[in-house]
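In terms of my numbering, the sequence shown has 68 at position 68, counting the first letter as 1, and numbering is strictly consecutive.
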Amino acid sequence: MEKKTIRDIDTKELRGKKILVRCDFNVPLKDGEITDDTRIRAALPTIRYLLESGAKVVLCSHLGRPKGEVNEKYSMKPVAERLSEELDAKVKCAEDVTGPSAKDMANELKEGEAGLLENVRFDPREEKNEESLAIELADLIGNEGIYVNDAFGTAHRAHASTEGVAHHVDESVAGLLMEREIEKLGAVLEKPEEPFVAILGGAKVSDKIGVIENLMQKVQTIEIGGAMANTFLKAKGYDIGSSKYEEDKIEVAKQIMKDALNKGVEIILPKDARVAKIAEGEELTPETVESAEHKNVKLNVEGKGESLEGWQILDVGDTTLTYFADRLENAKTVVWNGPVGLFEFDQFAIGTNAIAKVLSEIDATTIIGGGDSAAAVKKAGLQDKMTHISTGGGASLEFLEGKKLPGIECLLDK
1 MEKKTIRDID
11 TKELRGKKIL
21 VRCDFNVPLK
31 DGEITDDTRI
41 RAALPTIRYL
51 LESGAKVVLC
61 SHLGRPKGEV
71 NEKYSMKPVA
81 ERLSEELDAK
91 VKCAEDVTGP
101 SAKDMANELK
111 EGEAGLLENV
121 RFDPREEKNE
131 ESLAIELADL
141 IGNEGIYVND
151 AFGTAHRAHA
161 STEGVAHHVD
171 ESVAGLLMER
181 EIEKLGAVLE
191 KPEEPFVAIL
201 GGAKVSDKIG
211 VIENLMQKVQ
221 TIEIGGAMAN
231 TFLKAKGYDI
241 GSSKYEEDKI
251 EVAKQIMKDA
261 LNKGVEIILP
271 KDARVAKIAE
281 GEELTPETVE
291 SAEHKNVKLN
301 VEGKGESLEG
311 WQILDVGDTT
321 LTYFADRLEN
331 AKTVVWNGPV
341 GLFEFDQFAI
351 GTNAIAKVLS
361 EIDATTIIGG
371 GDSAAAVKKA
381 GLQDKMTHIS
391 TGGGASLEFL
401 EGKKLPGIEC
411 LLDK
């Protein structure tokens, strides 16, 4: 790996030093309680490594979208409490980001202790990456302090705590989670073992154009599901009824399929689908989905088979899954980003769950690209069967596009 990590610093040098660690503690809350602490647990190896080395650790993160204003609903206090439980030691939460409380907390830390700053997005300068905030964050740890970025989930954002601060400290390095993300995702792009299959789902083609174009240079097969498949089906003249699709991306879909044909890359689209009788424009709520009539249909070119007028495609069908599984069973590398159906509803999670099960059983490097596909794998209880589940949805997408992420670029090279 090209970027310097905390493991490249002698542990003797860490003892007694103040270290600012940017984590991704953007956890879901309900009534002030954390409902999923996956992101907190993902940061623990880095935090424990630094604490055991005798460092004075100043943690920081954003939580939710407070829009640059103090909002108690998005306070980091519940995170500090959960960290205290996990580390079996008190983790104090400052009352501000870089103000008197934050300064006092940082100055009072003893060797092997950690404290947490208040939500960095309470400060309007954070998302604007204003230098004044970056300097104030650096000042909390002093001239000899070290900046550690362990928040891969926000590495595609150039904010004061993810990128700006790195320019105001002598050493800026990757944490253990960031290191693992770069290594696992990087290996897929640099030296993937073949056959290499990409599974792409989710709602929009527009979100995945860059990923498709970059992966097309490396994969043998691309399997497309989710609402984004509707745009490709429409581009091929298939009847998709009232299903959601991106009209302005029809020509893009046609070009992608043409490029794939020229490169010898196989694109597999749904051949059948699970559909629900929901009018065009009607919102997909639990009530409308539950009360709607459902059926399985073979997909046909417009006007040549059963009409889907008034029906919406919400999952891939069994025949499609057979085609998908056939390519996956022989694959040696698989990247999956985006569910292939409306997996929030059990009746339309069949395709997504089936893919997760196949991936859990094959002898291949399996990379799950964060976001909804990661949630689907965890919901199916198969997370331990995958090679790597990324902690960053948007960040992993941009990484797979081949883009340079500011939160990684700002770190020192080895």
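Note that CB positions come from ideal geometry on N, CA and C, so glycine has one too.
Could you name the residues of the same chain whose beta carbon sits closer than 6 Å to that of A94, not counting the 5 residues immediately before and after it, in chain order? For the purposes of this step, residue 94 is taken as residue 94 along the sequence shown, with counting starting at 1. Taken in chain order, the residues that qualify are S101, A102, M105, L117, E118.
Within 10 Å of its beta-carbon, does P192 have 16 or more other beta-carbons around it, so buried, or fewer, so exposed? Translated into positions along the sequence shown, residue 192 becomes position 192. P192 comes out buried.
Which same chain residues, not among the five before or five after T319, have their C-beta less than 7 Å away from its C-beta? For the purposes of this step, residue 319 is identified with residue 319 of the sequence shown, where counting begins at 1. K271, D272, listed in sequence order.
When you compare each of A43, A276, E283, V289 to V297 by their alpha carbons, which one comes out closest? Reading the sequence shown from its first residue, position 297 is the one you call residue 297. Comparing Cα positions, the closest option is A276.
Can you list, in chain order, the residues of its chain with a C-beta nearer than 6 Å to that of A55? Leave out the 5 residues immediately preceding and following it. Within the sequence shown, residue 55 is the residue found at index 55, counting from 1. So the qualifying residues of the chain are L14, K17, I19.
Would you mind listing the beta strand (DSSP E) stretches within the segment 167-223 that are 3+ residues and don't spill past its ends, in chain order? 171-174, 196-200
To the nearest angstrom, how far is the alpha carbon of R327 from that of E194? Locating residue 327 in the sequence shown gives position 327, counting from the first residue. Locating residue 194 in the sequence shown gives position 194, counting from the first residue. Spanning the two alpha carbons is a distance of roughly 12 Å.
L411 vs K3 beta-carbon contact at 8 Å: Translated into the one-based positions of the sequence shown, residue 411 becomes position 411. Translated into the one-based positions of the sequence shown, residue 3 becomes position 3. A contact, by the Cβ cut-off of 8 Å.
Alpha carbon to alpha carbon, what distance is there between G202 and E266? To locate residue 266, count along the sequence shown from 1; it is residue 266. To locate residue 202, count along the sequence shown from 1; it is residue 202. Distance between the alpha carbons of E266 and G202 is about 19 Å.
What does Q255 pair with, by DSSP beta-bridge criteria? On the sequence shown, residue 255 is found 255 positions in, with the first residue counted as 1. Looking at the DSSP assignment, Q255 forms no beta bridge with any residue, so it has no partner.
Tell me, which residues are paired with V334 by DSSP? Here residue 334 is taken as the residue at index 334 of the sequence shown, counted from 1. When DSSP reads this structure, V334 sits in a beta bridge with V197, T366.
Locate the beta strand (DSSP E) running through I146, then write down its first and last residues. Locating residue 146 in the sequence shown gives position 146, where the first residue counts as 1. First-last of the beta strand (DSSP E) with I146: 146-149.
Along the chain, where does the alpha helix (DSSP H) that runs through N296 open and close? Stepping through the sequence shown from its first residue, residue 296 is reached at position 296. In this chain, N296 is not harboured by any alpha helix (DSSP H); it is covered by the beta strand (DSSP E) spanning 294-298.
Beta strand (DSSP E) containing I19: first to last residue? Here residue 19 refers to the residue found at position 19 when the sequence shown is read from its first residue. Start and end: 18-22.
Compare the Cα-Cα distances from G394 to each of N129, G112, A151, E85 and report the closest residue. Within the sequence shown, the letter at position 394 stands for residue 394. Out of N129, G112, A151, E85, A151 has the C-alpha closest to the C-alpha of G394.
Grouping DSSP H, G and I as helix and E and B as strand, with all else coil, what is K56? For this step, residue 56 is matched to residue 56 along the sequence shown. Reduced to three states, the DSSP call for K56 is strand.
Look at the Cβ atom of L133, then the Cβ atom of R121, and state whether they are nearer than 8 Å. Position 133 of the sequence shown, counted from the start, is the residue given in the question as residue 133. Position 121 of the sequence shown, counted from the start, is the residue given in the question as residue 121. Contact: no.
Bridge partner(s) assigned by DSSP for Q312: Taking the sequence shown and counting its residues from 1, the one referred to as residue 312 is at position 312. Answer by DSSP bridge pairing, in chain order: A276.
For K110, which residues of its own chain have a beta-carbon under 8 Å away from its beta-carbon, when the five flanking residues on both sides are left out? Working through the sequence shown from its first residue, we reach residue 110 at position 110. K56.
CA nearest to the CA of E190, picked from A42, R180, K218, H168: Locating residue 190 in the sequence shown gives position 190, where the first residue counts as 1. That would be K218, whose Cα lies nearest to the Cα of E190.
Counting pairs of beta carbons, one from the segment 197-211 and one from the segment 333-351, are three or more of them closer than 8 Å? yes
Pick from A227, I212, V27, D372: whose alpha carbon is nearest that of T38? As a position in the sequence shown, residue 38 is number 38, starting the count at 1. Measuring from the Cα of T38, the nearest candidate turns out to be V27.
Report, in whole angstroms, the separation of the C-beta atoms of P78 and L29, which I expect to be a contact under 8 Å. Within the sequence shown, the letter at position 78 stands for residue 78. Within the sequence shown, the letter at position 29 stands for residue 29. Their Cβ separation, rounded to whole angstroms, is 7 Å, which keeps P78 and L29 in contact under 8 Å.
H62: buried (16+ other C-beta within 10 angstroms of its C-beta) or exposed? Translated into positions along the sequence shown, residue 62 becomes position 62. The residue is buried, with at least 16 neighbouring Cβ atoms inside 10 Å.
Would the beta-carbon of F324 fall within 8 Å of that of E223? Residue mapping note: residue 324 aligns to position 324 of the sequence shown, counting from 1. Residue mapping note: residue 223 aligns to position 223 of the sequence shown, counting from 1. In contact: F324 and E223 (Cβ atoms closer than 8 Å).
Nearest-angstrom Cα separation, counted from G64 out to Y74: In the sequence shown, the residue the question calls residue 74 occupies position 74. In the sequence shown, the residue the question calls residue 64 occupies position 64. Taking the straight line from one Cα to the other gives about 6 Å.
Report the start-end ranges of each beta strand (DSSP E) in the segment 43-120 that is 3 residues or longer and not cut off at the edges. Listed in chain order, they are 56-60, 114-116.
Helix, strand or coil for D413? Go by DSSP, reduced to three states. Taking the sequence shown and counting its residues from 1, the one referred to as residue 413 is at position 413. DSSP places D413 in the strand class (E or B) of the three-state scheme.
In or out: H388 buried (at least 16 other Cβ within 10 Å) or exposed? The residue labelled residue 388 in the question sits at position 388 within the sequence shown. So H388 counts as buried.
For my contact list, V377 and I368 are in at a C-beta cut-off of 8 Å; report their separation, rounded to the angstrom. Within the sequence shown, numbered from 1, the residue matching residue 377 stands at position 377. Within the sequence shown, numbered from 1, the residue matching residue 368 stands at position 368. The Cβ separation is near 5 Å, so the contact holds.
Tell whether a beta-carbon distance below 8 Å holds between L176 and T46. Position 176 of the sequence shown, counted from the first residue, corresponds to residue 176. Position 46 of the sequence shown, counted from the first residue, corresponds to residue 46. In this structure, T46 lies closer than 8 Å to L176 by Cβ.
If you follow the beta strand (DSSP E) that I268 is part of, which residue opens it and which one closes it? Position 268 of the sequence shown holds residue 268. Its beta strand (DSSP E) spans residues 266-268.
Applying the criterion that 16 or more other CB atoms from any shown protein chain within 10 Å of the CB defines a buried residue, is P286 buried or exposed? Position 286 of the sequence shown, counted from the first residue, corresponds to residue 286. Answer is exposed; the Cβ neighbour count stays below 16.
When burial is assigned at 16 or more other CB atoms within 10 Å of the CB, is T352 buried or exposed? As a working mapping, residue 352 is identified with position 352 in the sequence shown. T352 sits buried, since 16 or more C-beta atoms from the chains shown fall within 10 Å of its C-beta.
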